[in-house]
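Heads up, my numbering is the position in the sequence shown plus 2, with the first residue counted as 1.
The beta-carbon is built from N, C-alpha and C at its ideal position, and this holds for glycine as well.
Structure first, commentary second.
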Amino acid sequence: SDTAASSEVCDELKHGFVEAMSRMKEDAMIHRSETERLESQLQCCQNLNQSLIGKVQALQMQILQNKRAEIYKIANDLKHTNLDMQSPVPNNGVQIDRQYSGLVVKMTMRKAFLSWSTLLGRKKILQSHP
Numbered sequence: 003s004d005t006a007a008s009s010e011v012c013d014e015l016k017h018g019f020v021e022a023m024s025r026m027k028e029d030a031m032i033h034r035s036e037t038e039r040l041e042s043q044l045q046c047c048q049n050l051n052q053s054l055i056g057k058v059q060a061l062q063m064q065i066l067q068n069k070r071a072e073i074y075k076i077a078n079d080l081k082h083t084n085l086d087m088q089s090p091v092p093n094n095g096v097q098i099d100r101q102y103s104g105l106v107v108k109m110t111m112r113k114a115f116l117s118w119s120t121l122l123g124r125k126k127i128l129q130s131h132p
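See below:
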């Protein structure tokens, strides 16, 4: 009877062990699929982040290009105004008022080139620190 009792205990232990192993395997599969789902979400977020960084950098470059074109136009207008006046440029440069994109821009040749050099500096900073 001792043998039967110990055999029964062994069977129960074996059954409990098999059940516990089965639950652990199920839990591991659930955790694995959850981990894969989270890794996939992380990859999507990283891709979106890279895309947004690229778009921001493209917008920054577009802004710089627009500013450069605006300054060239102002400088060109100033040059033509000076030629039209047929007079030497005074010490502080020729000053004119023009309407640019809804704003009155008052700028001398010196200011135009100072602004241009500042923008070039910003462009270099943006390129060296993406």
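(1) Compute the Euclidean distance between the alpha carbons of ASP4 and LYS16, then round it to the nearest angstrom.
(2) Using three-state DSSP, classify SER3 as helix, strand or coil.
(3) Using the C-alpha atoms, what's the distance from GLN64 back to GLU72?
So, to answer that:
(1) As a first step, residue 4 must be located in the sequence shown, where it is residue number 2. As a first step, residue 16 must be located in the sequence shown, where it is residue number 14. C-alpha separation (whole angstroms): 18 Å.
(2) The residue given as residue 3 occupies position 1 in the sequence shown. Looking at SER3 - three-state DSSP - the assignment turns out to be coil, as it is neither helix nor strand.
(3) Here residue 72 refers to the residue found at position 70 of the sequence shown. Here residue 64 refers to the residue found at position 62 of the sequence shown. Cα-Cα distance, rounded: 12 Å.
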